[in-house]
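A.B. asks:
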Amino acid sequence: MIETPSPSQNKPVTTEQTPLELIVVGAGFAGLYALYRAQASGRSALAFERGGDVGGTWYWNRYPGARCDVQSMEYSYSFDEDLQQSWDWSERYAAQPEILKYANHVSDRFALRDRIQFNTSVIGLRYLAEHQVWRVETSNNDMYFARFCIMATGCLSSTNLPDFEGRDSFAGEAYHTGQWPHEPVNFKNKRVGIIGTGSSSIQSIPIIARECKHLTVFQRTANYSIPAHNGPIDEAYAQSIKADYQSFRALNRQMFAAFGAHSSRWEESVFDLDETARDEKFEARWSEGGLGFSSSFSDTGSDLKANQIAAEFVRNKIRATVKDPIVAEQLCPDQVIGCKRVCVDTDYYATYNLPHVKLVSVKDNPIERITPQGLVVGDQEFEFDVLIFATGFDAMTGTLLKINIEGRDGITLTEKWADGPKTYLGLCIQGFPNLFTVSGPGSPSVLSNMIVTIEQHINWIMDCLDAMAERSANSIEATIDAESNWVHSGNEIAAGTLFPTCNSWYLGANVPGKPRIFMPYVGGFPNYVAVCQEVADNDYPGFSFG
Ligand code: NA7
Numbered sequence: 171m172i173e174t175p176s177p178s179q180n181k182p183v184t185t186e187q188t189p190l191e192l193i194v195v196g197a198g199f200a201g202l203y204a205l206y207r208a209q210a211s212g213r214s215a216l217a218f219e220r221g222g223d224v225g226g227t228w229y230w231n232r233y234p235g236a237r238c239d240v241q242s243m244e245y246s247y248s249f250d251e252d253l254q255q256s257w258d259w260s261e262r263y264a265a266q267p268e269i270l271k272y273a274n275h276v277s278d279r280f281a282l283r284d285r286i287q288f289n290t291s292v293i294g295l296r297y298l299a300e301h302q303v304w305r306v307e308t309s310n311n312d313m314y315f316a317r318f319c320i321m322a323t324g325c326l327s328s329t330n331l332p333d334f335e336g337r338d339s340f341a342g343e344a345y346h347t348g349q350w351p352h353e354p355v356n357f358k359n360k361r362v363g364i365i366g367t368g369s370s371s372i373q374s375i376p377i378i379a380r381e382c383k384h385l386t387v388f389q390r391t392a393n394y395s396i397p398a399h400n401g402p403i404d405e406a407y408a409q410s411i412k413a414d415y416q417s418f419r420a421l422n423r424q425m426f427a428a429f430g431a432h433s434s435r436w437e438e439s440v441f442d443l444d445e446t447a448r449d450e451k452f453e454a455r456w457s458e459g460g461l462g463f464s465s466s467f468s469d470t471g472s473d474l475k476a477n478q479i480a481a482e483f484v485r486n487k488i489r490a491t492v493k494d495p496i497v498a499e500q501l502c503p504d505q506v507i508g509c510k511r512v513c514v515d516t517d518y519y520a521t522y523n524l525p526h527v528k529l530v531s532v533k534d535n536p537i538e539r540i541t542p543q544g545l546v547v548g549d550q551e552f553e554f555d556v557l558i559f560a561t562g563f564d565a566m567t568g569t570l571l572k573i574n575i576e577g578r579d580g581i582t583l584t585e586k587w588a589d590g591p592k593t594y595l596g597l598c599i600q601g602f603p604n605l606f607t608v609s610g611p612g613s614p615s616v617l618s619n620m621i622v623t624i625e626q627h628i629n630w631i632m633d634c635l636d637a638m639a640e641r642s643a644n645s646i647e648a649t650i651d652a653e654s655n656w657v658h659s660g661n662e663i664a665a666g667t668l669f670p671t672c673n674s675w676y677l678g679a680n681v682p683g684k685p686r687i688f689m690p691y692v693g694g695f696p697n698y699v700a701v702c703q704e705v706a707d708n709d710y711p712g713f714s715f716g
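Residues in the sequence shown are numbered from 171 upward in steps of one, following the working numbering.
Structural data, given as structure tokens:
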């Protein structure tokens, strides 16, 4: 039964006739900024958060070594000068605890907590066309009404736990990296198995290996990883950024992925140089480390032959690091570099030189079943005390589709997206008026610096609400034509890149049965912002108002 909530700041009584202005789903970086903007503009707002506190992705992903792959000076909010001046990052790449501390700091500084219900999932959203409001049902059996919904649900917020036979029969300790316990996990004298070699695994393996008795890594697809060269933040560098932070932010917003303005990148083609000169440049880029390696030259991110040269450079680094040549070859990826998200590591490949670390390829011989003792691959049985699923996420759409979202005319989001996600600008969905997605499919999202994208999205949404107020509109909805054109042009841009050439989570290929659609907008952050701005400046073509 749905109960009437008792009145309080974070449990307001609402009705169809007296709705809140905004419901925000999620209290990660997107939800927090949405609340901040709502508060600053005097809009009533309430957020629901599944976790026990703020932070979203950084609340859940507490596995050993969890760290952002975008540098600290770039991965932070830019909306408040005092905030960005007063916060000091301790490392070049911030670790999860520090990012979570930052999310908490922002929540306290701007008094956002009062408007968040923690440990509360939104389980149903239904658009009541006759009232032009959304009815929101929560896991606490409460019900609220709001004019607008902002889905700040994150892109990597629904874990992917493959349906291995006997998966739940394991009798030891089992963890997923994306739902890591809050208490430290003790690996001392334990035999540990880890499934998956994506970023979460690549970050945690070197740390777990230092502590455990034996570590076995089950790899289906080898991944490219570039050294982070992490360390304490260079104070002089941090101060030089802070001296004119807004210019640094502006420079980064001009970058394809809204970060990396200070990283080396060459205008010339990889084919303009002879092998020696080319390798010197790759070497310099490798020494710098970080995500941008795969697009060091003008064509390494876009031309297959150029890309293969960059890929071979990394493979040679792996061969030079890993002493056992068989293991080294197993660790050498063969897909396009960058078509799966490149990883950024500290000592990942070198960890395989430790005598107690073993790599098992499950590429041709998949994991057959999980047993109470461990797992079985072919005729080999492995026994563990701890089994870690570093198997990733049902990315970008997983969390949205878990909520029963019913739009205008009773159509559900699950029905609407049966063949893959469709949005206009990655912000709105035809048939779902007054509902906005943040960093959703069709936006630069995971191909960009998420905090920059989040600020851009929320700013656009708030401007849109102002524009609606000016024209006394109660509802906004994407038209079917605008949505189709956006999806079509997004697919066309993606088809012209190297991105769809491998089985990545960008494509939904990691989740059995998920439609294979390249989900993020791949035209680059600056182009995306220009289109969004043009739409706003020209009275919102592609939208209908009611
Ligand atoms: P990822 O990058 O999706 O990695 C998941 C890993 O788990 C990847 O190596 C998968 O292999 C592997 N996997 C998934 N299912 C299976 C099965 N059934 N058998 C064996 N191996 C499997 O997730 P992460 O959490 O590491 O990183 C997510 C993002 O967070 C990352 O890109 C950064 O943006 C931060 P596959 O490659 O599918 O063959």
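The beta carbon of each residue, even a glycine, is placed where N, CA and C say it ideally should be. Fair warning: this is a prediction, and the values are worked out from it, not measured in the lab.
Can the beta-carbon of T521 be found less than 8 Å from the beta-carbon of P376?
C.D. replies: yes
A.B. asks: Note down the Cα distance separating Y518 from A706, rounded to an integer number of angstroms.
C.D. replies: Y518 and A706 have their alpha carbons spaced roughly 45 Å apart.
A.B. asks: Thinking C-alpha only, which one of D633, F695 and S654 is nearest R213?
C.D. replies: D633
A.B. asks: Give me whichever residues DSSP pairs with E647 in a beta bridge.
C.D. replies: S714
A.B. asks: Mapping the DSSP letters down to three states, classify I128 as helix, strand or coil.
C.D. replies: Since the first and last residues shown for the chain are 171 and 716, residue 128 lies out of range.
A.B. asks: Comparing the CB of G348 with every heavy atom of ligand 1, is any distance shorter than 7 Å?
C.D. replies: yes
A.B. asks: Taking the beta carbon of I496 as the centre, do at least 16 other beta carbons fall within 10 Å, making it buried, or is it exposed?
C.D. replies: exposed
A.B. asks: Among the residues of its own chain, which have a CB less than 7 Å from the CB of T386, if the five just before and after it don't count?
C.D. replies: For T386, same chain residues with a beta-carbon under 7 Å away, outside a window of 5 residues either side, are G363, K528, V530 and F552 in chain order.
A.B. asks: CA-CA distance, N311 and S291?
C.D. replies: 10 Å
A.B. asks: Which residues, in chain order, sit with a beta-carbon under 5 Å away from any heavy atom of ligand 1?
C.D. replies: P332, G366, T367, G368, S369, S370, R390, T391, R511, T561, G562, W675 and N680
A.B. asks: Are there 16 or more other CB atoms within 10 angstroms of the CB of Q600, so buried, or fewer, so exposed?
C.D. replies: buried
A.B. asks: May I ask you to report which of helix, strand or coil DSSP gives Y594?
C.D. replies: In this structure, Y594 counts as strand in the three-state DSSP scheme.
A.B. asks: Grab me the residues of A265's own chain with a C-beta within less than 6 Å of its C-beta, minus the 5 sequence neighbours each way, in chain order.
C.D. replies: R237
A.B. asks: So, for I507: in the same chain, excluding its five sequence neighbours on each side, which residues have a beta-carbon less than 7 Å away from its beta-carbon?
C.D. replies: Only Y394, S464, N477, A480, A481 and V484 meet the Cβ criterion.
A.B. asks: From N661, A637, Y203 and R578, pick the residue whose C-alpha is nearest to that of Y710; which is it?
C.D. replies: A637
A.B. asks: Buried or exposed: where does K592 fall if 16 or more other Cβ atoms within 10 Å of its Cβ makes it buried?
C.D. replies: The residue in question, K592, is buried, as its Cβ has 16 or more Cβ neighbours within 10 Å.
A.B. asks: Nearest by alpha-carbon distance to G221: which of I286, S211 and K358 is it?
C.D. replies: Considering only I286, S211 and K358, the residue with the shortest C-alpha distance to G221 is I286.
A.B. asks: If you draw a straight line from the alpha carbon of I573 to that of R296, how long is it in whole angstroms?
C.D. replies: Going from the Cα of I573 to the Cα of R296 covers about 10 Å.
A.B. asks: How about P670 and L617: do their beta carbons lie closer than 8 Å?
C.D. replies: It is not a contact, given that the beta carbons lie outside the stated cut-off.
A.B. asks: In angstroms with no decimal places, state the Cα-to-Cα distance between V195 and T649.
C.D. replies: 24 Å
A.B. asks: Report the CB separation of T470 from V440 in whole angstroms; it is logged as a contact under 8 Å.
C.D. replies: 6 Å
A.B. asks: Judging by CA-CA distance, which residue of P354, T516, A428 and K586 is the nearest neighbour of V240?
C.D. replies: A428
A.B. asks: If I follow the unbroken beta strand (DSSP E) through N708, where does it start and stop?
C.D. replies: Per DSSP, N708 belongs to no beta strand (DSSP E) and is neither H nor E.
A.B. asks: Go to G201, then tell me how far its alpha helix (DSSP H) extends in each direction, as first and last residue.
C.D. replies: F199 to A210
A.B. asks: Can you say whether T188 is buried or exposed, counting buried as having 16 or more other CB atoms within 10 angstroms of its CB?
C.D. replies: exposed
A.B. asks: For P402, which three-state DSSP category applies?
C.D. replies: P402: strand per DSSP, three-state reduction.
A.B. asks: Which word fits N619, buried or exposed, when buried means at least 16 other C-beta atoms lie within 10 angstroms of its C-beta?
C.D. replies: buried
A.B. asks: So W436 and F563 are in contact, right, with Cβ under 8 Å, and what is the actual spacing, rounded?
C.D. replies: Their Cβ separation, rounded to whole angstroms, is 33 Å, which puts W436 and F563 out of contact at 8 Å.
A.B. asks: With 16 as the cutoff for other CB atoms within 10 Å, does A210 come out buried or exposed?
C.D. replies: exposed
A.B. asks: Excluding the 5 residues preceding and the 5 following R455 in the sequence, name in chain order all residues of the same chain whose CB lies nearer than 7 Å to its CB.
C.D. replies: S434, F463 and S466
A.B. asks: For C325, which three-state DSSP category applies?
C.D. replies: coil
A.B. asks: For the candidate residues S410, Y203 and A217, whose alpha-carbon lies nearest to that of Q179?
C.D. replies: A217
A.B. asks: What did DSSP end up calling S242 once you bin it into helix, strand or coil?
C.D. replies: coil
A.B. asks: Which runs of the beta strand (DSSP E) at least 3 residues long sit entirely within the segment 629-704? Give them in chain order.
C.D. replies: If we require 3 residues or more, the beta strand (DSSP E) runs fully inside the segment 629-704 come out as 646-648.
A.B. asks: Is it buried or exposed for H384, if we count other Cβ within 10 angstroms and need 16 for buried?
C.D. replies: buried
A.B. asks: Do S327 and T569 have their beta-carbon atoms positioned less than 8 Å apart in this structure?
C.D. replies: yes
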